[in-house]
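Asks:
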Amino acid sequence: MDQPVLLEMKGICKEFPGVKALDHVDLKVRAGTVHALMGENGAGKSTLMKCLFGIYSRDAGTITLDGREIHFKSSKEALENGVAMVHQELNQALTRTVKDNLWLGRYPKVAGFVVSERIMDQRTKEIFDTLEVSVDPKAVMSTLPVSQRQMVEIAKAVSYDAKIIVFDEPTSSLTESEVEHLFRIIDMLKKKGCGIIYISHKMDEILRISDDVTIMRDGAWVATRPASELTMDEIIRLMVGRELTNRFPPKENEPGEVILDVEHLKGRYTRLRDASFQLRKGEVLGIAGLDGSGRTEVLENLFGSMTRDGGTIRLHGTEIHNRSPREAIRNGFALLTEERRATGIFGIRDIKDNTVISNLKSYLKGGICLSDKKMTEDTEWAIQAMHIKTPSQKTQIRSLSGGNQQKVIIGRWLLTKPEVLLLDEPTRGIDVGAKYEIYQLIIDLAKEGKGVIMVSSEMPELLGVCDRILVMSGGCLAGEVDAKTATQEQILTLAAKYV
Amino acid sequence: MSNESKELAANAKRFDRKTLGDKLMNNALYILMILAVIYIQFFCNSNFLAPASLVNILSQTAAYLPAALGIAGCIVLTGTDLSAGRCVGLTACISASLLQKVGSASKMWTNIGTLPVPVVILIVVLIGALVGAFNGFFVAKFKLHPFIVTLGTQLILYTCLLLYVQQGNNGGMAISSLDPSYTDFIKGSFVSVPTGNGTSTPIPNFVWFAILLTALMWFIWNKTTFGKNMFALGSNEEAARVSGVNVFATTIMVFALAGAMYGWTGFVEGARIGSNTANTGFNYELDAIAACVIGGVSFVGGIGKIRGIVIGVLLLRLIFVGLNMAHVSQDLIYLVKGGIILFACALDMRKYLVKK
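Protein chains in written order, with my numbering: chain V, 16 to 514; chain H, 82 to 437.
1. Quick check on THR229(V): buried or exposed, where buried means 16 or more other Cβ atoms within 10 Å of its Cβ?
2. Say the cut is 6 Å; is the CB of CYS426(H) nearer than that to a heavy atom of the ligand MG?
3. Count the CB pairs spanning the segment 238-245 of chain V and the segment 436-453 of chain V that are closer than 8 Å, and state whether there are at least three.
4. Taking C-beta pairs closer than 8 Å, name the residues in chain V that ILE384(H) reaches, listed in chain order.
5. Helix, strand or coil, according to DSSP, for GLN438(H) in the structure here?
6. Tell me whether MET430(H) sits in a helix, a strand or coil according to DSSP, three-state version.
7. Counting only beta-carbon atoms, is ARG95(H) nearer than 7 Å to chain V?
8. Quick one: grab the DSSP three-state call for SER83(H).
9. Report the partner residues of LYS465(V) according to the DSSP bridge assignment.
10. Going by DSSP in three states, TRP118(V) sits in which element: helix, strand or coil?
11. Can you tell me whether VAL349(H) is helix, strand or coil according to DSSP?
12. Cα separation between GLY418(V) and ILE453(V)?
13. Measuring only the C-alpha atoms, how far is LYS206(V) from ALA238(V)?
14. Report buried or exposed for ILE208(H), applying the criterion of at least 16 other Cβ atoms within 10 angstroms of its Cβ.
15. Would you check if the segment 366-377 of chain V and the segment 408-416 of chain V touch, i.e. whether three or more CB-CB distances between them fall below 8 Å?
16. Apart from the five residues on each side of it in sequence, which residues of its chain come closer than 6 Å, Cβ to Cβ, to GLU269(V)?
17. What are the complete alpha helix (DSSP H) segments, minimum 4 residues, inside the segment 132-181 of chain V?
18. Counting only Cβ-Cβ distances shorter than 7 Å, please list the residues of the segment 293-319 of chain H near chain V, keeping chain order.
19. What residues of chain V sit near VAL374(H), judged by a beta carbon separation below 8 Å?
20. Against chain H, with Cβ distances strictly below 7 Å, would GLN107(V) count as a contact?
21. Taking only beta-carbon atoms, is SER140(H) less than 7 Å away from chain V?
22. Any idea what DSSP makes of PHE361(V), helix, strand or coil?
23. Assuming ARG427(V) and SER373(V) form a contact by the criterion Cβ under 8 Å, report the distance between their Cβ atoms to the nearest whole angstrom.
24. Tell me, please, whether the CB atom of GLY325(H) is closer than 7 Å to any CB atom in chain V?
25. May I have the straight-line CA-CA distance separating ALA343(V) from GLY307(V), to the nearest angstrom?
26. Any idea what DSSP makes of GLY307(V), helix, strand or coil?
27. Could you confirm whether any beta carbon from chain H is found closer than 7 Å to the beta carbon of ASP202(V)?
28. TYR263(H) lies in the alpha helix (DSSP H); which residues open and close that run?
29. Applying the 10 Å Cβ sphere with the 16-neighbour rule, what's the burial state of MET390(V)?
30. State yes or no: is the C-beta of ALA352(H) within less than 7 Å of the C-beta of TYR263(H)?
31. Compile a chain-ordered list of the residues in the segment 115-126 of chain V whose CB is closer than 8 Å to at least one CB of chain H.
32. With 7 Å as the threshold, decide whether the Cβ of LEU80(V) is near any Cβ in chain H.
33. Hey, does VAL130(V) have any beta-carbon neighbour from chain H nearer than 7 Å?
34. In the DSSP output, what is ILE211(V) paired with across the bridge?
35. Is the CB of LEU94(V) under 7 Å away from at least one CB in chain H?
36. For the alpha helix (DSSP H) holding SER61(V), just list the boundary residues, first then last.
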């Protein structure tokens, strides 16, 4: 507690039309420490950071940096004054190279307007060497995997030489070893005397690296405590505002007979090389593996959104082809995609449109006209059954929290009456309370006799929800473990088998 | 083991074939262009590749290039610019009217003496840049799609143009009788290409100017902060904003630069055409946009190369001149043009499609 306070935010208020997003929030960050900011989605963490960073203007409150009161009007000003941020959504110019992205907004110049590639190369090398990042600076961003793009983003924030660095969910697309890498970087920054604000949903991360924890709920400050005095359960209690006894719902599903039999699944253009497995009725089958190990590819090849290169898929013993998502849906498959914003929701359309979109055929009256009544009924069913919190069916889906968006998409798929549900990172970017609800939904679906295949990069969640877990490594199936008895170490060993 | 190695070999073979096919497809446009040139030269008109014809193609390319270079920046920002043609028309008429021969009967502004050429260049380039900045302002400030903004400016400019040609002594007539200092500056020549039989075809000065402008634009696009910011902005506006790029200023500057290029195009067209009316410049933007997309400046944003634009303009001009010399009916030329645009863009998009 002896380090000096570097940044103090006091009584910050921010109101959006109809919503009080921030209500007198306080935050004190000491130099050379990691200050974790926690709260459910919609608690106002990102809004608070955007107020600091000058993306939003605050309605009230003061921000003091290094004893000086500040009022940034743009992110440019924030960056110039030593506040940098790793944004939650990857904000990158994908058609440009790594180094162009790294130095965007502050290209080293000669003669005032000419960019010096030489200095840029040199500084890129310096920063990548210091941080031990091995990414080709000349590679075009869109050709890199998400985790490497994230590392570039982290390197970029560090390279501003900022006093305060905000990490907004930096690890959601990083694998275990990359997370370790990030923590080494954070340690280095701490030693340099930087103040780190760290936003994450991952409790174990928070407890491991942070010095102080501030918890927010519904746009208001709840508590600030040293991390050493907090436990996981305590944090959850403060975040949710009530006791949350179990992280995972009881496993009540009973796997039955084999419904899906997959042999030697192989992708034509993608990393998937060989995977054979079976799925039982009423079973939750997990797929673990590192980033790039072919987890997502298993699901997308099954669903027909990636081109298969051999292998057979048998549903109830009959061979099916699933050459396209349309065909897969007709065969009773459903896929919840990994990147909800990009490939899941139709952001500016309302809940109703988002719910019925995959099932429009069944609302046809006389083959031409869609029955609005039936669509409204089904949407209402989805809202009730999935416990979706929304003001109305006419609400734009993008204004809901991540968890509620995810529930809408699950509801969308359930309307198509699927037999096999493919879930790719179903709880990514979703807060603790809502995660539990998603787990409950998954187990309930299995209980109703659906087969569920679930990809996740969070091992505790796979161990807590699944019956069996397949482990992918280097595009091949490396092994299978029983979720009841397996340990994280076992999974990690398998995941490294073909790397 | 032998089975496995066989499979590997088969895979490798298929891979090779695929890459060769890909290479052919990616360069299909150039291959077809070469085939078309050969066909026209050897089966239709052997004068097609004669020096005089080549100089003609070169001059036409040089005349249309600057506008395409300007509009390309707008396309990189995922926009477009429909006002280019009218802007060229307006600046062409202004250039011509300010540089008419003193004492000629049709002189529009009788009380203006002989203006120095650089002054007029400065005036029209400035007018063009202002028109562009006006477009850019609406795009940057009100987040209007450039299609809408420039559609509006296109119409507004046309009225300006119609009114302008009725000013002074002119009364809506074609503006001609240009001062020799003007026509010499643009159409004069210091290098000629021998065309046999002791004759020679001069290469007009505006070809050299076009080359200079291309080099300048290449420099701006690739070597300056502004150029890199422009591409970043076209690729991901939000990323540019949170990285501290001045999105507002950059957008306005891209459009203003485009406008300046139309101003220059207008100045060249004023002398090149020699007799300008309110119809000068009509539909220039469409040729310029077509040239850009043929040259791989993608409407997806953030993608494009100066080299591509030059090739795009050259290709379009080659086709026009070639079809003319092959005595293809004028009516069919639009069919060919439309076909090329579709074909070129489909080929181009193919490169960016990620196979899954």
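Each residue gets a CB set at the ideal place from its N, CA and C atoms; glycine is no exception.
Please read these numbers as outputs of a predicted model, since none were measured by experiment.
Replies: Quick answer:
1. buried
2. Absent from the structure shown: the ligand MG. Ligands present: none.
3. Under the Cβ criterion (8 Å, minimum of three pairs), the segment 238-245 of chain V does not count as touching the segment 436-453 of chain V.
4. Going along chain V in sequence order, the residues near ILE384(H) (Cβ under 8 Å) are THR110.
5. The structure shown does not extend to residue 438(H), since chain H is modelled only from 82 to 437, so the question has no answer here.
6. helix
7. Here ARG95(H) scores only 46 on pLDDT, less than 50, and its place in the model should not be relied on; the value that follows carries that caveat. It does not; no Cβ of chain V falls within 7 Å.
8. Low local confidence applies: a pLDDT of 44 at SER83(H) is under 50, so the model's placement there is unreliable, with the coordinate-based value given in what follows. Reduced to three states, the DSSP call for SER83(H) is helix.
9. None; LYS465(V) has no bridge partner.
10. coil
11. helix
12. 8 Å
13. 26 Å
14. buried
15. yes
16. GLY297, listed in sequence order.
17. 132-146 and 161-174
18. Correct list: LYS304, THR305, THR306, PHE307, LYS309, PHE312, ALA313, SER316, ASN317 and GLU319.
19. Here the premise fails: no neighbours, minimum Cβ distance about 16 Å.
20. yes
21. no
22. Annotated three-state conformation of PHE361(V) is coil, per DSSP.
23. 5 Å
24. Judged by the 7 Å Cβ criterion, GLY325(H) is in contact with chain V.
25. If I take the Cα positions, the gap works out to 24 Å.
26. coil
27. no
28. 261-268
29. buried
30. yes
31. ASP115, ASN116, LEU119, GLY120, ARG121, TYR122 and LYS124
32. no
33. yes
34. The partner list for ILE211(V) (beta bridge, DSSP) reads VAL49(V) and ILE180(V).
35. yes
36. Counting along the chain, the alpha helix (DSSP H) containing SER61(V) begins and ends at 60-68.
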